[in-house]
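Okay, structure first, notes after.
Residue numbers (full-length UniProt numbering), protein chains in the order written: chain F, 1 to 307; chain X, 1 to 307.
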């Protein structure tokens, strides 16, 4: 019998991501003790009922006591208060990690409160669904998905290796990256697409009733993908934009310029400008498909593209 | 033995949509004679090899001779020249239809050239993939999808009914609508989403090489949906934007205003504004899901939404 990777793990927050990781640990390391902290008793009851928690807490400090690993799985806006609350209760040699979608701000908010001898290994699994809460999780969520770790330069390499192993046990491929580079890449692959999806669905919400009804009815033609993206957790996404402001505003600025240029081309009837761009964008798609066929999960594309 | 819905059908253009409809007709009306017109001999050879055409033409006028139904399946920008070319060759009592994603411009470009006694029933199947050409088609493409018909007020009701039956044979649900209303609804459900997807993928294309490489690598987090949409046929989409200019510019103007308001909220750190919108957009998603569960195909959503 091998000893578990971490003997005691504390989850602060147990939504979609936290509960999915807890399910993985139940499978791979059944001997691990899992403590769960949540603000609402209902969430804790659910986590207990689902067999995801051995002990339930509303106080983060109580939850992390004796934990070998602390996984912060709340919206990013709560991190600073959590770090302050658990600071004095962390055991020497403990490892703290998280699953947030922004990494520089997380280091800014958490690192100053961690005592010497506690390692911080910020993490971001590139996986999820538009559903929220502990009942939405499942153990296969991370399989064939990337997990990016952004440990600050002086982080204990052994802590990084162990957190990496945790994610590889979940079926993920682990990549190490600088926090600010992560935030820049994710601003374009994830944060801007979400902002745009929220915007366009919001624009549709403001249409007259009968048009809105038909937009919903005929959503198969592209819009439906946007409604799925725009159904993601509102607080989580508010905190992402509040905490990756610079990178999001930079990429949003470039996007707006490009969109304005297309608007101008449409108004002037400059078909060549449009066709040139529409041809150029196929390259990136080929890159995405090639990459995925070589490396990582392949899904069947959705089929609704006749304008 | 029942007689076929249309004894002789002529396809002008045989790409994804045309070839899929031809496949349906081969199944449901094997006695129907199918003529196909395309500009390139290679496309015609493919259509013959796939068993989709009984006769192949490069001249549209020759193709439509004796046809009971003419289905125009080219990019919209070619319609006017096609209508002029076939005008004198159409047989009295023939029905002309199409599959284009814009309907007012199509009526403007085609109707003036059709002789008395020929009915025009403009159509738009809300189905497709990002793939193009006769080999990309398949008979199931239209199953459980909408087809919108936009016949001008004075169109022969019998012609409308027969075109409707053709699509119901393909497994579609048929809806009749005014052309300008169609164009306004599709501008938001389809044309704006495509324009945005092309733009954001174009913005990514212009990034430095190393960031671009990582955008492709980590595309699972939202961006990948956009790359799929932005891989659609460039000429078809150029023509859509050139021919639905007013509706697209109107909805694009609203979208840009809304996006600018969000940009301002991010810059000022106004989290409440973001959260309020992100909560409101969930309503439309529920509408989309409810509608689809009641009426039409349900697909499993993609699963990559953790920021």
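Cβ atoms here follow ideal geometry from the backbone N, Cα and C, with glycine treated the same way.
Secondary structure of residue i, DSSP reduced to three states
i: residue 11/F; result: strand
i: residue 134/X; result: helix
i: residue 57/F; result: strand
i: residue 289/F; result: helix
i: residue 248/F; result: helix
i: residue 32/X; result: coil
i: residue 120/F; result: strand
i: residue 166/F; result: helix
i: residue 206/X; result: coil
i: residue 96/F; result: strand
i: residue 274/X; result: helix
i: residue 70/F; result: strand
i: residue 232/X; result: coil
i: residue 241/X; result: helix
i: residue 316/F; result: Nothing about residue 316/F can be read from this structure; chain F reaches only from 1 to 307.
i: residue 253/X; result: helix
i: residue 91/X; result: coil
i: residue 115/F; result: coil
i: residue 44/X; result: helix
i: residue 226/X; result: helix
i: residue 140/X; result: coil
i: residue 50/X; result: coil
i: residue 219/X; result: helix
i: residue 155/F; result: coil
Paired residues, beta bridge with residue i - DSSP
i: residue 125/X; result: 147/X
i: residue 173/F; result: 146/F
i: residue 37/F; result: 12/F, 57/F
Residue nearest to residue i in terms of C-alpha spacing, selected from the options
i: residue 235/X; options: 270/F, 229/F, 247/F; result: 270/F
i: residue 222/X; options: 185/F, 209/F, 213/F, 247/F; result: 185/F
i: residue 121/F; options: 141/F, 134/F, 127/F, 93/F; result: 93/F
i: residue 144/F; options: 167/F, 50/F, 153/F; result: 167/F
i: residue 132/X; options: 113/X, 73/X, 242/X; result: 73/X
i: residue 239/X; options: 153/F, 229/F, 266/F; result: 266/F
i: residue 253/X; options: 200/F, 241/F, 139/F; result: 200/F
i: residue 216/X; options: 59/F, 287/F, 47/F; result: 287/F
i: residue 202/X; options: 285/F, 231/F, 136/F, 230/F; result: 285/F
i: residue 173/X; options: 181/X, 154/X, 179/X, 149/X; result: 149/X
i: residue 195/X; options: 41/X, 255/X, 24/X, 57/X; result: 255/X
i: residue 79/X; options: 97/X, 211/X, 62/X, 52/X; result: 97/X
i: residue 45/F; options: 24/F, 14/F, 31/F; result: 14/F
i: residue 278/X; options: 258/X, 108/X, 290/X; result: 258/X
i: residue 67/X; options: 35/X, 160/X, 4/X; result: 35/X
i: residue 276/F; options: 275/X, 230/X, 182/X; result: 230/X
Cα-Cα separation, residue i to residue j
i: residue 39/F; j: residue 197/X; result: 38 Å
i: residue 260/F; j: residue 170/X; result: 40 Å
i: residue 126/F; j: residue 190/F; result: 9 Å
i: residue 91/X; j: residue 273/F; result: 40 Å
i: residue 315/X; j: residue 188/F; result: In the structure as shown, chain X starts at 1 and stops at 307, and residue 315/X therefore has no counterpart that could be examined.
i: residue 65/F; j: residue 76/F; result: 22 Å
i: residue 162/F; j: residue 118/F; result: 14 Å
i: residue 262/F; j: residue 241/F; result: 26 Å
i: residue 101/F; j: residue 124/F; result: 6 Å
i: residue 87/X; j: residue 115/X; result: 7 Å
i: residue 33/F; j: residue 141/F; result: 21 Å
i: residue 248/X; j: residue 205/F; result: 17 Å
Within-7 Å CB hit, residue i to chain X
i: residue 275/F; result: yes
i: residue 171/F; result: no
i: residue 164/F; result: no
i: residue 193/F; result: yes
i: residue 104/F; result: no
i: residue 201/F; result: yes
i: residue 215/F; result: yes
i: residue 280/F; result: yes
i: residue 288/F; result: yes
i: residue 188/F; result: yes
i: residue 204/F; result: yes
i: residue 234/F; result: yes
Closer than 7 Å to chain F by CB, residue i
i: residue 167/X; result: no
i: residue 19/X; result: no
i: residue 78/X; result: no
i: residue 52/X; result: no
i: residue 1/X; result: Caution is warranted here: a pLDDT of 48 is assigned to residue 1/X, below 50, making its placement in the model unreliable, and the coordinate value is therefore given only provisionally. Cβ-Cβ to chain F under 7 Å: no for residue 1/X.
i: residue 142/X; result: no
i: residue 147/X; result: no
Cβ-heavy atom distance, residue i to the ligand ATP, below 6 Å
i: residue 10/F; result: This structure lacks the ligand ATP, and indeed carries no ligand of any kind.
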